[in-house]
Ligand code: GLY
């Protein structure tokens, strides 16, 4: 795909985004919670410790970077401060503190040197490091899931890389790399597809089982997990320079691209039955960002198919699944929480819109990497 053509698409999309997201921010001012999804065209909330809550602030910071409009900064700060209730009740937090704080508090600290934002981000890095099992994996969830790790965690590792750079202490990075190495061994299959969940014996680290998780079944290919893997490994490569991480990102990306050739609308699971058609545009948007990250690390001779695939995903979503009206504050429709979760099928989700906007900002040439905000140029 021609980069000039995509730049023009991104510029047109930027104009639509500014209008739509100002509407979304005004709608958020009217509610005492952080936007998660929508119902009847209005924002809908979810509990304060839910893993998606950082994406509202991060979306607002992406828009602030794209447009310079201070209204977006105000909305971001309001969301960040609301989330202090989740930090106070830290025992209910889980491995997704990277999603929740790096891309909003870490970004604000990078942009404004706000000390409270730095402390929030560093505290979360310590919470995440505290979940490390010395057998080589980061525990995902609480309760009985003591030996459970999930593919999504690849996107929480940037918080640990950030913390090592911020403090000069290599322990955070070493934990992240141990987890990434375990993920290569036990999650990524030879064809580039991935397990969502792996249960380990928490005492010995022995592999026990890979349950089905949010995809169709055990052994299938939940697309959001594929997207977390391809973007997460690309970021681990950026932060460490370890070539195996880039090779893994490329392997997962090749599988994703080969499975998407039909119409570039991402199903919830690449290995689900053909009917019913259950899409997950969150997976498509995450993958688009990850594919652009991969393209950035490959030389000119290899990068084009990854850039093209990202553009195909974005344009298919824009054409078939984007709502640019002011009937709802959400853009991407037809996102899916999990294959077997009926109320969560074909809804809007704040993180789908976040990644769509991040992708547009990438095309516009933004150098602000939200997953490594201290690396901003
Ligand atoms: N990280 C949780 C999910 O992707 O649903």
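In the working numbering, the protein residues as written are 668 to 1044. We put the beta carbon where it would ideally sit given N, CA and C, even for glycine. Note that this is a predicted model, so its numbers are computed, not measured.
Rounded straight-line distance, which links the Cα of residue j to that of residue i
i, j, result
"residue 959", "residue 917", "11 Å"
"residue 994", "residue 699", "20 Å"
"residue 710", "residue 988", "18 Å"
"residue 764", "residue 671", "37 Å"
"residue 740", "residue 870", "45 Å"
"residue 1021", "residue 726", "5 Å"
"residue 941", "residue 990", "25 Å"
"residue 669", "residue 964", "19 Å"
"residue 847", "residue 906", "12 Å"
"residue 914", "residue 1025", "23 Å"
"residue 782", "residue 996", "31 Å"
"residue 895", "residue 881", "13 Å"
"residue 888", "residue 1014", "20 Å"
"residue 950", "residue 811", "28 Å"
"residue 1031", "residue 673", "9 Å"
"residue 879", "residue 814", "16 Å"
"residue 835", "residue 910", "23 Å"
"residue 735", "residue 1042", "20 Å"
Range covered by the beta strand (DSSP E) that runs through residue i
i, result
"residue 711", "709 to 711"
"residue 815", "815 to 817"
"residue 876", "874 to 876"
Given residue i as reference, the closest of the options once Cα atoms are compared
i, options, result
"residue 760", "721, 873 and 691", "721"
"residue 851", "865, 840, 839 and 731", "865"
"residue 912", "694, 679 and 855", "855"
"residue 842", "827, 717, 810 and 692", "827"
"residue 998", "750, 705, 679 and 676", "705"
"residue 790", "767, 1012 and 685", "767"
"residue 952", "849, 1000 and 967", "1000"
Boundaries of the alpha helix (DSSP H) in which residue i is found, first to last residue
i, result
"residue 688", "670 to 696"
"residue 1037", "Counting along the chain, residue 1037 falls outside any alpha helix (DSSP H), and DSSP gives it neither H nor E."
"residue 1024", "1017 to 1030"
"residue 900", "890 to 907"
"residue 786", "782 to 796"
"residue 776", "774 to 779"
Spatial neighbours of residue i in its chain, beta-carbon cut-off 6 Å, leaving aside the 5 residues before and after
i, result
"residue 798", "762, 805 and 806"
"residue 746", "701, 723 and 724"
"residue 715", "752 and 753"
"residue 802", "872"
"residue 902", "825 and 1038"
"residue 770", "721, 725 and 1037"
"residue 1098", "This structure cannot speak to residue 1098, because the chain is shown only from 668 to 1044."
Same chain only: Cβ atoms within 8 Å of residue i, ignoring 5 sequence neighbours per side
i, result
"residue 1028", "729, 732, 733 and 1035"
"residue 944", "934"
"residue 744", "724 and 775"
"residue 712", "698, 700, 701, 702 and 703"
"residue 980", "927, 931, 933, 951, 952, 954, 955 and 958"
Nonlocal neighbours in the same chain, by C-beta distance under 7 Å from residue i, ignoring five residues either side
i, result
"residue 773", "788, 829 and 1040"
"residue 691", "996"
"residue 904", "912, 913, 916 and 964"
"residue 845", "803"
"residue 681", "733, 1027 and 1031"
Original post:
What beta strand (DSSP E) runs, 3 residues minimum, are completely inside the region 810 to 864?
Top reply: 815 to 817
Original post:
At which residue ranges does the region 693 to 764 contain complete beta strand (DSSP E) runs of 3 or more residues, listed in the order of the chain?
Top reply: 704 to 706 and 709 to 711
Original post:
Enumerated in chain order, which unbroken segments of the alpha helix (DSSP H) with a length of 4 residues or greater are wholly contained in the region 918 to 968?
Top reply: 948 to 964
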